[in-house]
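I have placed the structure first, in the form of structure tokens, so that the comments after it can refer back to it.
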Amino acid sequence: MTVLLKEPKETVDEIAGFSQETVRQASAAKDEPTWMLDFRLRAWQTFESLAWPKPTDESWRRTRLTGFKLENYTPFAVPNGTVERNDLEPDLLNALDEMESSANLIFRDGGLLYGEEIEDQHEDGVIFSDLQTAVQQYPDLVQKYFMTKAVTPDANKFAALHAAMWDTGSFVFVPRNTKVELPLHAILSQGDRVGGYHHTLLVAEEGAEVTLVDDLMGAENAFQATVVELILKDNAKVRYMNLQDFKHTAWNFLTGRAVLGKDTDLRWIQVSWGSRLTKAFLDLDLQGEGGHGELLGLYFPTRRQHIDHETLQLHRAANCFSDLLFNGALKNRARSVYMGIIKVLPGAQKTDAFQRNGNLILDRSARADSIPGLEIEADDVRCTHAATAAQVEDEYVFYLMARGLTRPQAERMIVQGFLQGVLDRVPVEGVMRKLEKVISRKISR
Amino acid sequence: MSTLEIQNLHVSVGDTEILKGVDLTLHSGEIHAMMGPNGSGKSTLSYVVAGHPHYEITQGDILVDGESILDMEADERARSGIFLAFQYPVSIPGVSVANFLRTAVSNVRGYTSKEADSNANGVIGSNLMPMREFRRELNTKMKEFNVDSSFARRYLNEGFSGGEKKRTEVLQMAMLEPKFAILDESDSGLDIDALQVVSDGINKLATEDRGFLLITHYQRILNFVKPDFVSIFYGGRIVKTGGPEVALTLEERGYTWVEEELVSGVVPA
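As given, the protein sequences belong to chains D and W, one line each in that order. If you're matching positions, the first sequence starts at -12 in the numbering used here and goes up one per residue. If you're matching positions, the second sequence starts at 19 in the numbering used here and goes up one per residue.
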């Protein structure tokens, strides 16, 4: 399915470092068309023109990058080519077995490791492909949608770097009125000590329906700048899950945006379990009337993890509904930041928007900051926001223990109960069970 | 036949002594009613027996069949057969009655005996009671104890009325089958119908192999549940123990009688 060019090791050493030349070589190694090289070079200029995040920037006030050095991470890893299913490591096989899917893609170190074609839907024109391959095979589609409609390179410093350096990624294209029954499943298993730039580009045409699950893992002592783009044409219905479970030594930056056309229906579930530090920018851009967008988040930082979500619910069109719910539990010395804005532009009358962030603190040394916000320029709207923070009540734990539950079981049950509001809305059963397992693993350690 | 013994129990919170030498012996098959005014320390006694960590035991002991349980955590005590029906059961959002009870029952009956080891690895719930078996038993007991079957799916005590909470406590007791049940004001705040249902539940569960400590403020519940012994609790200790007639005297003469005749020492306690 994919032709991967393996670069000799010495070439990589030569180009270690970040420069325009790195970008050129990365592109050449993939034998990319000129338009993609030009795109990368423009993005590199954008990257250079944007200032490095400063503690005085509103987005970075509560999330400091102390200790992060971009140059510590080899700019891109060398793919090793694909393997057969039987040759996958147990972890990856497990991840495949955990949920029933239409097709799977697995990425590792800058390339595709394993890929499956969609059997049934292929005739209908559904594309679920490695993005590098898609650049070659579907250049018109990729050029039209890649970082042009949803996330643009100037979104932030890391999005610009991503645009210049992107390596792995999935391209999902579902044509008009086509429904993909089972979820599509993309797994990124990032190697150690490298920089990674994983991309998700999903386009659902008019009336199309699809569920995509992104599973992100690995990345010991590594750096990842991910971009997620979901483009929903009129009447499209998309369920998207981003399950980030990187090693606790990874630096993770995510820029995601969904663009919703008329009468669309989107549910985005963002799960941020892993990484040493995560800064995620997540936007819902409601461009057509009658759009329905849900953005649901779960996080459970433990030890010294730092998880920061910054969200935007942008209502440009009238009669749209958006519902945001981010629930997190915090253990040990963990820290979370939630910052969100509902922005209603002048024409967006009859907007119905919610924004809620709840935090459950398991240890006194954990800290959760919550900064909800509204910017409303229309006069006939209903917008509400709420932020809560609660300690795990000793009385809850005692009650459950008096019924024979061990302390870890009691805590797990209370945390799971707290997160249930989001878990209940996970549309894939296998994924829900997987999330419950991670919760109990995090409680117990 | 089991025995729960409370011996010369002194308990403090901070500098305040709340229990000042409580002695009580409860055998299987007995119903022991403990009556006393608000603030006398009845609830503290029930919490201390169940293993609440916030109380300091300065003197005395609590024994089950001759073995001290003071070093046990609340969950170990539950597994050794002690059950506390709470006066104010907490509501836990997102946790369904069935999910919670299945874990509780599995632990108490020993389905999860291997779990203590696996907790460290985070594999909780690998030894749960089989779902079908659990559902069958839960459904049967919900019918028997007048709890609507919809409660299985509802979140624990969330949005329950006072009566529904108390009935759910009785249902939990029926599922956990304790050796000793301490009922902390299970009658408080109930109308007469709810009181009838809760009392029926207690009577069904009052078998030869189970002892009850029925803590109450009012004599009312004793019209439905017949105690073998009645104690009067006052000022952090038991001031009188006798048969059911003690409750009737208390009903007639009120706590002033206790204060004047029992506590001030006119009648030796």
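Just so it is clear, CB atoms sit at the ideal spot from N, CA and C, and this is done for glycine as well. Keep in mind it's a predicted model, so treat the numbers as computed, not measured.
The C-beta separation of D:Q231 from D:V258 comes to about 6 Å, placing the pair in contact by the 8 Å criterion.
Annotation: D:E196 is outside any alpha helix (DSSP H); the continuous beta strand (DSSP E) that includes it extends over 196 to 205. Straight across, the Cα-Cα distance linking D:W153 with D:W238 is about 16 Å. Remark: C-beta atoms of W:E187 and W:F104 approach each other more closely than 8 Å. Beta-bridge analysis with DSSP links D:A245 to D:L217, D:L271. Excluding residues up to 5 positions away in sequence, N346, A355 lie with their Cβ nearer than 6 Å to the Cβ of D:A376 in the same chain. Under the three-state reduction of DSSP output, W:A212 falls in the helix class. For D:D350, the three-state secondary structure derived from DSSP is coil. Beta-bridge partners assigned by DSSP to W:Y173: W:S114. Nearest Cα to D:E103 within the set D:S89, D:P395, D:G97: D:S89. In the DSSP annotation of this structure, the continuous segment of the alpha helix (DSSP H) that includes W:T274 starts and ends at 263 to 275. Beta bridge pairing from DSSP links D:N81 with no other residue. Considering only D:T213, D:G194, D:T165, D:A142, the residue with the shortest C-alpha distance to D:S157 is D:T213.
Between D:A316 and D:T165, the alpha-carbon positions lie close to 38 Å from each other. Any Cβ of chain D closer than 8 Å to the Cβ of W:I87 would place that residue at the interface, and such an atom is absent. Taking D:T155 as reference, the option from D:F34, D:V65, D:S427 with the minimal CA-CA separation is D:V65. Listed along the chain, the chain D residues whose CB falls inside 7 Å of the CB of W:E278 amount to none; the nearest CB is some 37 Å away. Taking the Cα of D:F5 as reference, the smallest distance to any Cα among D:A15, D:M23, D:F34, D:M228 is reached at D:F34. Judged by DSSP secondary structure, W:L102 falls within the beta strand (DSSP E) whose first and last residues are 100 to 103. Residue burial is scored here from C-beta neighbours: D:R226 has at least 16 other C-beta atoms within 10 angstroms and is therefore classed as buried.
Put simply, of D:G194, D:F240, D:E207 the residue whose alpha carbon is nearest the alpha carbon of D:I218 is D:G194. Taking the C-beta atoms as reference points, D:V181 is found nearer than 8 Å to D:A209. Contact check for D:L332 and D:R290: beta-carbon distance about 41 Å, past the 8 Å limit, so the pair fails to qualify. Here D:G205 is buried, its C-beta having at least 16 other C-beta atoms within 10 Å. Annotation: the continuous alpha helix (DSSP H) that includes D:I426 extends over 416 to 431. One alpha carbon belongs to D:N91, the other to D:L264, and they sit about 28 Å apart.
In terms of beta-carbon proximity, W:R154 stays away from the interface with chain D, with every pair separated by 8 Å or more. If you compare the alpha carbons of D:E76, D:V215, D:L253, D:D381 with that of D:P414, the shortest gap goes to D:L253. Inside the region 161 to 187 of chain D, DSSP marks whole beta strand (DSSP E) runs of 3 or more residues at positions 171 to 177, from first to last along the chain. Using a Cβ-Cβ cut-off of 8 Å, D:T393 counts as an interface residue toward chain W, since at least one Cβ of chain W sits closer than that to its own. Distances from the CA of D:S323 to each of D:Q342, D:K429, D:S357 were compared; the closest alpha carbon is that of D:S357.
The criterion of a C-beta distance shorter than 8 Å is not satisfied by W:V264 and W:V243. With respect to the 8 Å criterion, D:G391 and D:A365 are not classified as neighbours on the basis of their beta carbons. Of all residues in the region 335 to 357 of chain D, none comes within less than 7 Å of chain W when Cβ atoms are compared. With contact defined as three or more Cβ pairs closer than 8 Å, the region 180 to 196 of chain W and the region 56 to 76 of chain W are not in contact.
D:A373 counts as exposed, since fewer than 16 other C-beta atoms from the protein chains shown sit within 10 angstroms of its C-beta.
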